[in-house]
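Residue numbers (this note's numbering), protein chains in the order written: chain X, 11 to 300; chain R, 799 to 1282.
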């Protein structure tokens, strides 16, 4: 596995640079400036501690590889992605799962990031424990930043127990009706026509909840629906190929929505952050998350 | 008359009174003394003029005046902080949010409440009784601390083990930035675009601006709760039980540990039925749907038995459950009766090292001839060693400081961090360089400078500054509203 020092050397301290993960969301935030040097982050699971509910891995590790390893001990990380998505890529785009109402958002996942800054120097953001309020939370700034503030090499992530099982149901119920039948459903999604509910937990509990929903006209799905990735912003128009999360207002779609509007104050603040972290604009040039 | 006349002569005071009104701005000596302290053992400078704004525009006016007069400002809620985060250095303008105490809107369908920062944490959950919802962060000071303070410190609490700390429960914030502009960070509709400014503002300890409106997510009340009281003859067995519960894929709602000294102090007061001859008492609470709760209770009981638990008692009813929690949450007040002074620590260590580190904490206390009491959030490895002492005895304060430094050192050596929920404030700035390299701290400073280029909002806190502000003092009484 590539070391942090080797990764740092790859990143260098002068040229335009980007980390290429699986390339599954490569176009987000704009096109990379031509001539940008593309490097790869370290790959591989370094250390999984189920009793701590943390895992340390190279940012270039495939998310599916990581989830498979965690699955052996009935744990998972609350990140979503495509088969080729990497851990670092999923963090950089802030790819929360459609189950976020129950398992939390992508921004809750990153506990520590060993990074290379725009100056080519290594630094560490966050800490390796599940609870931590020591200093400023740079990890939250890195999630969804599209690699424009620093480049993540090795990350420590929060894991969580996997539910014993999950059941998808489909029907036409309203959110209020579903919540009267279910305690903290993992997903309540709407595709413009139907409502899709995912309930998770232990078998007997789910049998009861499922029966309540079925009484109201929902039916158990034989095949799980395919949920596209999270996109930024609120629902703008009709859902053509995606889902609206009725619990959080998040949108899951294969078509990124138009640029999300931000206020002038937020833009000014975001510009200052970008300039302070990357004064020469060498990290992922051409891309902006806003 | 003379005082009023003097007031009119001070242009800063005059400007602040014009922005608010005479009844909500004071520079009286007693007020300045009161607002120079918080719940911590830290002493800094002296509060300057104290303002009590009631809405966002008034906060913006205060910040604008601070900028105009080139003065620093410090925001303060109920003052229950334990790291000196709202202790003033020099004589800053104090922006006190206690009059911003309105619950503006509760949307039960979206499960969002917009509140002002001065709303007391428990008041929000109490106001939601009967709706089936509550605000999940439950710091032990919840009957006094404000939600604005929870945002500043990214507060936790016993039930944050399963539900997450404050950051996970804040959807959006309206803030006054240090340049007096007003911005909304985050959103209650979908996913915010751009950098996660909401996420970094929470836990900023008041150094990134002032939160003036907070949209909090409300959590569904669990249909079933089981509260277990487990007693052990060895604290190391209790700690091992905690590690194994987590390793077995059970994430209880709460997992709290109290040692023998704490039990002895608390039981006469709380009458919770804690066994006085136990070396350690573990409170484990699981919630959710009936089969899940029953299954997890069985796993916890089995693991405890394998680790030598003497008894596993489940609260038979709500009254018993409340008594068990009353003992835990009032631990600090009871401890205060033992010795006149205290110093409470707050570090986090890997759960798997709990047994070893607790043993070392006892050894450190013994080395310095001090009494240490342990009551803490075991489930997430958040230690709260409490040194109790009599500062009137010569040399004691120095011993307490040295013991405290060693406890922090041990926590870092096993891969822990400086703070789990109290924050850095003034108290732990000097340790920051032990956890972070200079380059790590530069990255943090880049964030801070982005929000506050003029270093005006609660300066001299969090990052090491070399400033002489902030000394540890002894407290001869527990301030009202301070809990572990």
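Ideal Cβ placement from N, Cα and C applies to all residues, glycine included.
- For the stretch 1236-1262 of chain R, the beta-carbon criterion of a distance under 8 angstroms to any beta-carbon of chain X is satisfied by 1237, 1238, 1239, 1240, 1241, 1242, 1244, 1245, 1246, 1247, 1248, 1249, 1251, 1260, 1261.
- Here DSSP, grouped into helix, strand and coil, assigns residue 1090 of chain R to helix.
- Judged by DSSP secondary structure, residue 66 of chain X falls within the beta strand (DSSP E) whose first and last residues are 64-68.
- Ranked by how close their Cα comes to the Cα of residue 1191 of chain R, the residues R:1213, R:1168, R:1258 have R:1168 in first place.
- In the three-state scheme derived from DSSP, where H, G and I count as helix and E and B as strand, residue 175 of chain X is classed as strand.
- The Cβ atoms of residue 1181 of chain R and residue 1206 of chain R do not sit closer than 8 angstroms to each other.
- Chain R has a Cβ within less than 8 angstroms of the Cβ of residue 133 of chain X.
- Taking the Cα positions, residue 113 of chain X is about 16 angstroms away from residue 100 of chain X.
- Against residue 287 of chain X, the close residues of chain R are 1244, in the order they occur along the chain (beta-carbon pairs closer than 7 angstroms).
- The Cβ of residue 88 of chain X sits no closer than 8 angstroms to any Cβ of chain R.
- Taken atom to atom, the span from the alpha-carbon of residue 209 of chain X to that of residue 192 of chain X is near 8 angstroms.
- For residue 862 of chain R, same chain residues with a beta-carbon under 6 angstroms away, outside a window of 5 residues either side, are 978 in chain order.
- Put simply, the backbone Cα of residue 121 of chain X is about 13 angstroms away from that of residue 170 of chain X.
- When DSSP states are grouped into helix, strand and coil, residue 1105 of chain R belongs to the coil group.
- Out of R:942, R:1089, R:1071, R:920, the CA that lies nearest to the CA of residue 1016 of chain R is found in R:920.
- At least one C-beta of chain X is nearer than 8 angstroms to the C-beta of residue 994 of chain R.
- Assigned with DSSP and collapsed to three states, residue 27 of chain X falls in strand.
- By the Cβ test, the stretch 876-896 of chain R is in contact with the stretch 942-952 of chain R, since at least three Cβ pairs between them sit closer than 8 angstroms.
- If you keep only unbroken beta strand (DSSP E) runs of at least 3 residues inside the stretch 131-159 of chain X, you get 132-136.
- With respect to the C-alpha of residue 812 of chain R, the residue from R:828, R:838, R:860, R:1097 having the closest C-alpha is R:860.
- Note that the stretch 985-995 of chain R touches the stretch 252-272 of chain X; at least 3 beta-carbon pairs, one per stretch, sit closer than 8 angstroms.
- When 8 angstroms is used as the limit between beta carbons, residue 233 of chain X is near no residue of chain R, the shortest such separation being about 25 angstroms.
- The beta carbon of residue 290 of chain X sits closer than 8 angstroms to the beta carbons of 128 from its chain, once the five residues preceding and following it are set aside; these are given in chain order.
- Listed along chain R, no residue sits closer than 9 angstroms to residue 95 of chain X by beta-carbon distance, the nearest being about 17 angstroms off.
- Within the stretch 894-925 of chain R, those residues whose Cβ lies closer than 9 angstroms to any Cβ of chain X are, in chain order, 907, 908, 909.
- The Cβ of residue 279 of chain X sits closer than 8 angstroms to at least one Cβ of chain R.
- Here the alpha carbon of residue 132 of chain X sits roughly 6 angstroms from the alpha carbon of residue 125 of chain X.
- Counted as a single uninterrupted DSSP element, the alpha helix (DSSP H) harbouring residue 816 of chain R occupies residues 809-817.
- Annotated as proximal: residue 963 of chain R and residue 141 of chain X, with beta-carbon spacing under 8 angstroms.
- Among the CB atoms of chain R, one or more fall inside 8 angstroms of the CB of residue 270 of chain X.
- In the three-state reduction of the DSSP assignment, residue 1066 of chain R falls in the helix class.
- Contacts with chain R (Cβ-Cβ distance below 7 angstroms) from the stretch 256-267 of chain X involve 259, 260, 261, listed in chain order.
- By the criterion of a C-beta distance shorter than 8 angstroms, residue 1009 of chain R is surrounded in its chain by 915, 946, 949, 950, 971, 972, 973, 999, once the five residues flanking it on both sides are discounted.
- Between residue 136 of chain X and residue 18 of chain X, the CB-CB gap reaches or exceeds 8 angstroms.
- For residue 870 of chain R, the nearest beta carbon of chain X is not closer than 8 angstroms to its own beta carbon.
- Taking 8 angstroms as the CB threshold, residue 878 of chain R stays off the interface with chain X.
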